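Just below is one structure, and these are the notes that go with it.
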Amino acid sequence: IWGGNLIFGGDKTDEILAAIRNFTENYQDPKAAIIATSELTVLNSVNIWIFFLFYDGPQPPSGVFDEFLNIKSSLNTCKTRSYTDLLKANNAFVLKGSVYTIATETTPLPPAAVGAKVMRSYYDHWYKTSAVKSGIAGIIASMAFQPIPKSLARISREKGGDLLDLDDEFDRIIFEFDYSYLFRLDDAAVDDTMVKLYTGMKSLVDGFVQDGTLPDAYRPLFMNDGYFRQDYWGRLKSEKRELAGRVRASVDPEALFQNRTGGFKLLVQTIQIPSMQTGV
2 IWGGNLIFGG
12 DKTDEILAAI
22 RNFTENYQDP
32 KAAIIATSEL
42 TVLNSVNIWI
52 FFLFYDGPQP
62 PSGVFDEFLN
72 IKSSLNTCKT
82 RSYTDLLKAN
92 NAFVLKGSVY
102 TIATETTPLP
112 PAAVGAKVMR
122 SYYDHWYKTS
132 AVKSGIAGII
142 ASMAFQPIPK
152 SLARISREKG
162 GDLLDLDDEF
172 DRIIFEFDYS
182 YLFRLDDAAV
192 DDTMVKLYTG
202 MKSLVDGFVQ
212 DGTLPDAYRP
222 LFMNDGYFRQ
232 DYWGRLKSEK
242 RELAGRVRAS
252 VDPEALFQNR
262 TGGFKLLVQT
272 IQIPSMQTGV
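Per this note's numbering: the sequence shown = residues 2 to 281.
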């Protein structure tokens with residue numbers, strides 16, 4: 002495979018945001034993937050971007066990642082390598098011994114005409130909300146942009162679908178917000194900041210939809226990045242929520258896993274589960 006990391010200074014933010022938007026809209030090669038992460042730490046003195054690039058082949062064709070590669074980077078580790086080697090290299094960004102907390106939000110991809118304004122507003126909200134907590138011991142604030150092109154939703158539906166049930170009418174971006182820090186005594190302060198971050202981001206997206214800047218696309222939450230206070234089930238389509246309820250009732254009728262494991266709890270007592278009937 003081919004992959005690695007690109008690292009940029011914060012001064013490249015506008016170029017990077019434009020490249021992320023363009024990559025999502027013009028996504029043509031299903032073998033290509035990126036995650037673009039902005040990092041803020043050390044009393045806001047370190048403001049960088051870390052890109053994770055992947056191509057399912059020995060070399061990406063010309064044009065796939067060119068817009069990112071043409072931005073002047075501080076470091077470029079992308080090369081042909083084994084998949085195992087890529088995963089081991091990515092472990093360099095895992096901080097052990099820290100508290101981690103994660104949240105998410107979803108936005109329709111902004112049209113090119115308003116892309117710069119919308120993408121920068123998302124970034125600025127994350128930056129300003131996170132920067133005021135720079136005094137928390139060991140805190141690192143991260144915001145990841147995860148492109149969800151419409152072709153991904155199309156492939157998912159062709160293979161039977163999933164709970165998110167994204168349509169293929171719109172491109173989207175899923176945000177991951179991450180705070181890591183050293184001490185549990187800061188839990189309350191970080192929790193307050195995280196809630197302000199993801200609720201404020203949702204308000205931004207809602208506002209752009211209401212004024213016509215963005216299309217009114219279905220915007221579920223990505224469970225893997227969801228914060229424990231977020232309403233994962235409430236953001237799904239009702240029929241998918243009911244499907245999950247039926248599955249839960251059939252495989253865990255005594256709520257053993259519901260009550261003894263973590264995660265997003267699905268209350269199914271209000272969901273009508275049809276009784277099994279036999280015919281002759």
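From the three backbone atoms N, C-alpha and C, an ideal C-beta is built for every residue, glycine too. Small disclaimer: the values here were computed from a predicted structure and weren't measured.
Membership of residue 227 in any alpha helix (DSSP H) is not indicated, and neither H nor E is assigned to it by DSSP. Residue 179 is bridged by DSSP to 103 and 143. In this structure, residue 39 sits away from residue 101, with a CB-CB distance that is not shorter than 8 Å. In terms of Cα proximity to residue 177, the closest of 228, 214 and 156 is 228. Its Cα nearest to that of residue 264, the residue 231 stands out among 75, 247 and 231.
Around the beta carbon of residue 71, fewer than 16 other beta carbons lie within 10 angstroms, which makes this residue exposed. For residue 135, same chain residues with a beta-carbon under 7 Å away, outside a window of 5 residues either side, are 44 and 45 in chain order. In this structure, the straight-line span from the alpha carbon of residue 154 to that of residue 42 is close to 35 Å. By the Cβ neighbour-count rule, residue 261 is exposed, with fewer than 16 other Cβ atoms within 10 Å of its own. Each residue's CA atom was taken as its position, placing residue 51 and residue 36 some 8 Å apart. The beta-carbon separation of residue 112 and residue 21, rounded to 14 Å, does not stay under the 8 Å limit for a contact.
Contact between residue 226 and residue 103 holds: CB atoms are separated by about 5 Å, below the 8 Å threshold. By the criterion of a C-beta distance shorter than 6 Å, residue 55 is surrounded in its chain by 4 and 34, once the five residues flanking it on both sides are discounted.
Contact annotation: residue 167 and residue 157 have beta-carbon atoms nearer than 8 Å. In this structure the region 191–206 touches the region 124–133; the number of beta carbon pairs closer than 8 Å is three or more.
The C-beta distance from residue 31 to residue 152 rounds to 7 Å, short enough to fall under 8 Å. Under the three-state reduction of DSSP output, residue 40 falls in the strand class. Taking the Cα positions, residue 211 is about 11 Å away from residue 218.
Beta-bridge annotation (DSSP): residue 173 is paired with 109 and 149.
Across the structure, residue 24 and residue 80 are spaced so that their CA atoms are roughly 20 Å apart. Closest option to residue 107, judged by alpha-carbon separation, among 192, 254, 202 and 238: 202.
Inclusion of residue 190 and residue 137 in the CB contact set at 8 Å is warranted, their separation being smaller than that value.
Per the C-alpha coordinates, the member of 160, 145, 26 and 122 positioned closest to residue 53 is 145. Residue 25 is bridged by DSSP to nothing; it lacks a bridge partner. Cβ atoms of residue 109 and residue 171 come within 8 Å of each other, at about 5 Å.
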